[in-house]
Amino acid sequence: MATPFLTTSTTLSLSLSTHLHRLSSSLSSTCFPFKPNLHRDRGNSSLLASYGNPHLFNHEDHHSTYKSLLSTRVLGPKSNFLQMDPSETSCSREILVKSSASDSSNTVISTLSQKVFGVLHLVVSLGIVLAMDKFLKQAFVAAAIKFPSALFGMFCIFSVLVILDTTIPAAATSLMNFFEPALMFIQRWLPLFYVPALVVLPLSVRDIPAASGLKICFIIAGGWLASLCVAGFTAIAIRKIVKTEMVDAEPMAKPSSFAPIEFWTWGGIFLASFVSAIFYPTALGTTARTCLPFLLASTVLGYMVGSGLPSAVKKVFHPIICCALSADLAAVAFGYISQSGVDAVLGDYLTKVSSNPGAGDILMGFLGSVILSFAFSMFKQRKLVKRHAAEIFISIILSSLFSLYSTALVGRLVGLEPSLTVSILPRCITVALALSIVSLFEGANSSLTAAAVVVTGLIGANFVQATLDKLRFRDPIARGIATASSAHGLGTAALSAKEPEALPFCAIAYGLTGIFGSLFCSVPVIRQSLLAIVG
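Mapping of the sequence shown onto this note's numbering: residues 18 to 552, in sequence order.
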């Protein structure tokens with residue numbers, strides 16, 4: 018009975034030794050000098066392991082080796098036969114470390130390339146929008162057309178998107194995606210573009226009598242409340258007539274918050290340029306250009322700080338106020354240290370000269386792109402506009418006409434100077450279009466116009482939600498339209514932060530109020546009737 022077993026054992030041992038000898042030469046150059054070699058026993062289908070050196074075994078040990086291997090198969094985990102030696106473990110760790118380092122390096126490179134591509138995408142898309150706005154301005158000036166050029170561009174973009182969506186939907190989607198970074202940039206920094214009017218407000222109101230200033234404040238505050246009521250009650254009345262059910266609007270992306278590195282970067286720019294301007298006032302050719310970096314940085318830093326304030330503080334101390342104060346403090350400090358005076362520094366902040374721009378001119382240069390961006394916003398919400406067209410258009414048209422004519426009438430009733438009344442006519446319209454509207458009237462003070470618009474927005478931002486609750490406006494459509502029709506972008510931002518369901522209607526009304534106001538004032542008959550009421 019022992020002979021078959023010994024014969025089988027000898028055969029398996031010889032086969033094992035042959036395989037060991039063959040593998041020893043191939044494994045001698047690797048980092049695993051004793052790498053296991055696995056074979057299957059044909060009779061038992063068991064795994065046999067050897068360490069690759071044929072001299073470890075001789076023919077006398079074959080039987081004991083086989084028994085040891087069989088015991089390893091039976092005993093399993095208790096045997097140390099299949100465990101890796103220290104050199105093998107060390108080499109395995111080295112390979113894992115190298116693999117991990119390679120993966121980490123690839124991840125860093127991929128992340129960096131994505132960021133670089135994102136920056137390039139933003140620069141290209143925003144550059145195209147700004148270039149389009151500049152081209153349209155130059156073309157309209159050359160052709161002596163008084164209609165707002167940015168408004169014409171907005172209609173063109175919207176028409177192109179609608180046509181593409183009808184014929185080639187994929188092309189319209191691709192166009193929207195391409196300009197998405199530029200639109201998010203504009204949305205993120207939108208309040209900053211209104212600030213220059215507040216920064217130079219001390220220069221704008223210097224020649225206005227105190228009594229006239231009080232009358233202007235009364236018209237702005239009372240006019241805001243009246244416009245809100247007209248738009249809100251009109252929307253509710255139309256809603257009751259048409260009885261259109263609400264549907265979910267297209268989601269609107271929110272811009273990212275400010276990162277610490279942005280704060281420190283702008284802080285470094287401010288310190289370096291402020292010190293440089295003190296020692297070299299005309300380092301960049303003119304004082305306006307030399308002061309531009311630190312005045313711009315102070316404005317941006319003020320906006321960042323104001324945006325990070327608690328909500329309770331923002332109700333009293335709006336980010337735009339913080340932004341304007343920051344720029345004014347920088348102007349006061351520089352004027353005192355350089356002995357040039359604060360008036361000269363504020364004059365350099367907003368020069369209104371394209372060949373010698375200041376920080377305010379740079380910021381207000383984005384106002385045209387804001388109007389162009391309305392085309393993309395309205396196209397994105399086109400289904401909502403179509404579904405609630407009656408409530409939206411009727412409310413905004415009536416509210417826009419009421420705002421213009423009531424301002425003209427009350428200005429005459431309280432005895433406000435005609436030039437000042439004309440300057441605050443577009444008080445409920447966004448700055449970008451309000452400046453275009455007053456340019457249609459002779460003798461208007463554009464700085465006062467911008468300041469009146471911003472103050473109207475600040476009043477709405479602080480009191481709109483409480484006022485809507487007092488008036489019992491529960492419908493999101495009515496709340497959104499009433500807010501944007503009376504307090505444009507600043508009121509929109511304040512309400513949508515707490516009531517996201519009203520944001521689409523705010524965005525639509527915000528753009529359409531400015532559009533209809535511009536269209537009405539572009540009609541000679543309406544413009545002349547307003548002048549007749551003003552006196």
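No residue lacks a Cβ here, since even glycine has one placed at the ideal position from N, Cα and C. As the structure is a computational prediction, the values presented were derived from the model and not from experiment.
Between which two residues does the alpha helix (DSSP H) containing residue i stretch?
i, result
"Asp584", "With the chain covering only 18 through 552, there is no way to say anything about residue 584."
"Phe522", "520 to 539"
"Asn479", "463 to 487"
"Cys308", "304 to 324"
"Ala347", "336 to 355"
"Tyr297", "Element bounds for Tyr297: n/a, residue is neither H nor E."
"Glu408", "406 to 430"
"Tyr366", "359 to 366"
"Phe393", "384 to 397"
"Ile235", "Looking at the sequence provided, one finds Phe at residue 235 rather than Ile. Where Phe235 is concerned, the enclosing alpha helix (DSSP H) stretches over 227 to 259."
"Asp492", "First-last for Asp492: undefined, no H or E at that position."
"Thr438", "435 to 440"
"Pro219", "218 to 221"
"Lys271", "Element bounds for Lys271: n/a, residue is neither H nor E."
"Ser453", "448 to 455"
Assuming contact is defined by CB atoms lying nearer than 8 Å, are residue i and residue j in contact in what I supplied?
i, j, result
"Ala407", "Ile255", "yes"
"Ile388", "Leu168", "yes"
"Val542", "Arg429", "no"
"Phe291", "Phe351", "yes"
"Ile454", "Ala252", "no"
"Glu459", "Ser229", "no"
"Ser440", "Thr473", "no"
"Phe202", "Leu143", "yes"
"Ser412", "Gly240", "no"
"Ala468", "Leu442", "no"
"Ala314", "Asn373", "no"
"Ser343", "Leu367", "no"
"Leu207", "Gly508", "no"
"Thr303", "Ala376", "no"
"Leu512", "Gly249", "no"
"Ser221", "Ser456", "no"
"Arg205", "Pro298", "no"
"Ile236", "Val427", "yes"
"Ala348", "Leu363", "yes"
Which whole-angstrom value describes the C-beta separation of residue i and residue j, a residue pair presumed to lie in contact below a C-beta threshold of 8 Å?
i, j, result
"Pro336", "Ser328", "With 8 Å as the limit, Pro336 and Ser328 do not qualify as a contact, their Cβ atoms being about 11 Å apart."
"Ala341", "Val431", "Contact flag wrong, Cβ pair sits at about 27 Å."
"Leu450", "Pro213", "With a Cβ gap of about 16 Å, Leu450 and Pro213 do not count as contacting."
"Ser503", "Gly528", "Not confirmed; about 15 Å, so no contact."
"Phe490", "Ala499", "6 Å"
"Ile525", "Ile338", "About 27 Å; that fails the 8 Å criterion."
"Asp378", "Lys369", "7 Å"
"Thr261", "Arg404", "6 Å"
For the ligand MG, is there any heavy atom lying closer than 7 Å to the beta carbon of residue i?
i, result
"Ser440", "Annotation note on the ligand MG: not contained in the displayed structure, which lists no ligands."
Does residue i pass the burial test, meaning 16 or more other C-beta atoms within 10 Å, or should it be called exposed?
i, result
"Arg496", "buried"
"Ser85", "Since pLDDT at Ser85 reaches only 45, below the 50 mark, its modelled position is unreliable, and the value read off the structure follows with that caveat. It is exposed - the Cβ of Ser85 has fewer than 16 other Cβ atoms within 10 Å."
"Ser81", "For Ser81, the predicted structure reports a pLDDT of 47, less than 50, and the residue's modelled location is therefore unreliable. The matter cannot be settled from this model."
"Lys397", "buried"
"Ser394", "buried"
"Leu200", "buried"
"Ser371", "exposed"
"Tyr353", "exposed"
"Asn479", "buried"
"Phe537", "buried"
"Pro521", "buried"
"Phe311", "buried"
"Cys523", "buried"
"Leu437", "buried"
"Ser390", "buried"
"Gly531", "buried"
"Ala159", "exposed"
"Ile233", "buried"
"Asp486", "exposed"
Just to confirm my understanding: we take residue i, look at its own chain, exclude 5 residues before and 5 after, and list those with CB closer than 6 Å. What are they?
i, result
"Leu153", "Ser166, Gly170"
"Phe164", "Ser539"
"Ser420", "Ser244, Cys445"
"Tyr211", "Val448, Val471"
"Gly385", "Asp150, Ala167"
"Phe280", "Met321"
"Glu518", "Pro493"
Once the 5 residues before and after residue i are set aside, which same chain residues still bring their CB inside 8 Å of it?
i, result
"Leu301", "Thr307, Leu309"
Can you find the residues in the same chain that come closer than 7 Å, C-beta to C-beta, to residue i, ignoring five residues on each side of it along the sequence?
i, result
"Leu139", "Pro198, Ala199, Phe202"
"Phe553", "Nothing in the structure corresponds to residue 553, since the chain is present only between 18 and 552."
"Ser535", "Pro165, Leu168, Leu450, Ser453, Ile454"
"Phe175", "Ala392, Met395, Phe396"
"Phe287", "Phe311, Ala314, Ser315, Leu318"
Does the beta carbon of residue i sit closer than 8 Å to a beta carbon anywhere in chain D?
i, result
"Ile203", "Protein chains in the displayed structure number just one, and chain D is not present."
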